[in-house]
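Trainee: One structure, pasted below without further comment.
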Amino acid sequence: METQKRRPWRRWVVLVLMIVGFVLGGIFVPVQPEITVAAEKLIEEPLFTLPVIGPFYLVNTLPTLLFTILVVLVIAYFTGRSLSKSAQTDLVPRGIGNLMEAFFELLYGMTEGATGSKWAPVIFPWFATIMFYVLFANLLKLIPGFESIGILHQVAAGHPAQGSLLMPGETENGFVLVPFLRGVSVDLNFTFAIAIISVFMTQVIGVQAQGAGYFSKFFNVRTMFKTPFFGAMDFLVGLLETISEFSKIISFAFRLFGNMFAGIVLVAIVAGLLGKISILPSMIMMFELFVGVIQAFVFGMLTMVFMAQATQGHGHEEEHAEAH
Amino acid sequence: MEGNILDAARFVGAGLAMIGAAGGGVGIGLSVQGALTGMARNPDTYGNLLTNMILGIAFSEAIAIYCMVIAFLMLFKVV
């Protein structure tokens, strides 16, 4: 029996990698990362200039965006191949098809619980697409090399780079690292784009469900002439609803961006706190894994809940009208 | 000691703006506490409570996010 004892060698690989990182971090002292809100430009000249919108730069979130889309497409291709293969043989999904089926069945059950079975097929694709895409955008940020490998620029107000083998001589100017790849959800353009898609499609689904009566939520004039005082109150509440639709976009975008940006700042600060001890940032990275998954879930879940609210009228009249 | 007093005021202002995040934290804590109590009493309502809890968390988190936006505006000289 003792000869069959398992030898878990993989955990030693992790330990060796941590020690190697510790030693290498002492030899090649990293340049302190620069914290910027906007994505940095890889090339100073704009790629092309659009007539109204303005110049279009190659920022370092664009390669990551392509990378994210590629990863999602590859997963979609292999899932489709696996599922069609199982559909031809014995209808038993195996491998990645099985995994994705379990994952999306869980999400579909959640959607059906919140929206009811009538609107679940309409709402589910938006929920699942946004959640899956944001999940990969958040998790790809954690791959080593993101936000750490890039070009060093000499800037007057930069960070010192002594002791690193790349720059043996002392220079009077500091350096700023412009990484090649920066997590795509640390770009306000990306989060705003998804937030606008989500809120706009919420309105579209609301109109699909209730027709033009959906807009009576925003311009509520139905009760204005029956009961003058409370009718005016309802109208003001409707205006507040209009404002809250726009604040939804802002809070969607800044929730994701703020959480992911806080992750970058936290890693950068913790890496700079203890100098050469480079194990602490990996602990923060573990926390980032948690935050990324939670934020993707929250983004998709909120989209789904708002869409479910849009399909249900806020008064009881519509439900009775449908019942007759 | 050198530097611009406006820069110092920006940092202080950003720090003060983030005090508002305490309210969001209290709100999130209260809503999770209520949802957990409900789940412990009646585990069958887990899914329904989870959805509503996340919705409530999102609304109270939005307040903290507005504070963060103001802090960003001050910190990075957007306005």
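Those protein sequence lines, which keep their order, are chains A and B. Using our numbering, the first residue of the first sequence is number 49, and each one after it goes up by one. Using our numbering, the first residue of the second sequence is number 29, and each one after it goes up by one. Virtual Cβ for every residue (Gly too), placed ideally from N, Cα, C.
(1) Under 8 Å Cβ to Cβ from P216 (chain A), same chain only, skipping five residues before and after it: list those, please.
(2) With 16 as the cutoff for other CB atoms within 10 Å, does Q136 (chain A) come out buried or exposed?
(3) Indicate whether G31 (chain B) and S59 (chain B) have their beta-carbon atoms separated by less than 7 Å.
(4) Where E293 (chain A) and F354 (chain A) are concerned, what is the direct C-alpha to C-alpha distance, given to the nearest angstrom?
(5) Suppose the cutoff is 6 Å on Cβ atoms and the five residues either side in sequence are ignored; what does the same chain contact list for L139 (chain A) look like?
(6) What does F302 (chain A) reach in chain B if we use C-beta pairs closer than 9 Å?
(7) Once DSSP output is grouped into helix, strand and coil, what is the label at P71 (chain B)?
(8) Check distances from the C-beta atoms of the segment 338 to 355 of chain A to those of chain B and list, in chain order, the residues that come in under 7 Å.
(9) Ignoring anything shorter than 3 residues, give me the beta strand (DSSP E) runs that lie fully in the segment 258 to 320 of chain A, in order along the chain.
(10) Have a look at V61 (chain A) and R54 (chain A) and give me their C-alpha separation to the nearest angstrom.
(11) Apply the 10 Å Cβ neighbour rule to R69 (chain B) and answer buried if 16 or more other Cβ atoms are within range, or exposed otherwise.
(12) Is the CB of S132 (chain A) under 7 Å away from at least one CB in chain B?
(13) Counting pairs of Cβ atoms below 8 Å between the segment 102 to 117 of chain A and the segment 245 to 252 of chain A, do you hit three or more?
(14) When the Cα atoms are used, what is the spatial distance from S134 (chain A) to Y125 (chain A)?
(15) L98 (chain A) lies in the alpha helix (DSSP H); which residues open and close that run?
(16) Whole angstroms are fine: how far does the CA of E92 (chain A) sit from the CA of P103 (chain A)?
(17) Using only alpha-carbon positions, find the residue among B:G57, B:K105 and B:V97 that is nearest to S295 (chain A).
(18) Output needed for G51 (chain B): all residues of its chain with C-beta closer than 7 Å, excluding positions within five of it in sequence on either side, in chain order.
(19) Which word fits E153 (chain A), buried or exposed, when buried means at least 16 other C-beta atoms lie within 10 angstroms of its C-beta?
(20) Rounded to the nearest angstrom, what separates A301 (chain A) and V339 (chain A) at their Cα positions?
(21) Under 8 Å Cβ-Cβ, which residues of chain B neighbour M272 (chain A)?
(22) When we look at the beta-carbon of M189 (chain A) and count the other beta-carbons within 10 Å, is it buried (16 or more) or exposed?
Mentor: So, to answer that:
(1) Confidence at P216 (chain A) is low in this model, with a pLDDT of 49, below 50, so its placement is unreliable and the value that follows should be read with caution. Cβ within range, chain order: n/a, list empty.
(2) exposed
(3) no
(4) 10 Å
(5) none
(6) A90, I93, Y94, M96, V97 and F100
(7) helix
(8) V346, M349, L350 and V353
(9) none
(10) 16 Å
(11) exposed
(12) no
(13) no
(14) 14 Å
(15) Not the alpha helix (DSSP H): L98 (chain A) falls in the beta strand (DSSP E), residues F96 to L98.
(16) 11 Å
(17) B:V97
(18) I91
(19) exposed
(20) 16 Å
(21) Per Cβ cutoff of 8 Å: no residues; M272 (chain A) is ~28 Å from chain B at best.
(22) The question names Met, but residue 189 (chain A) is Lys in the sequence shown. K189 (chain A) comes out buried.
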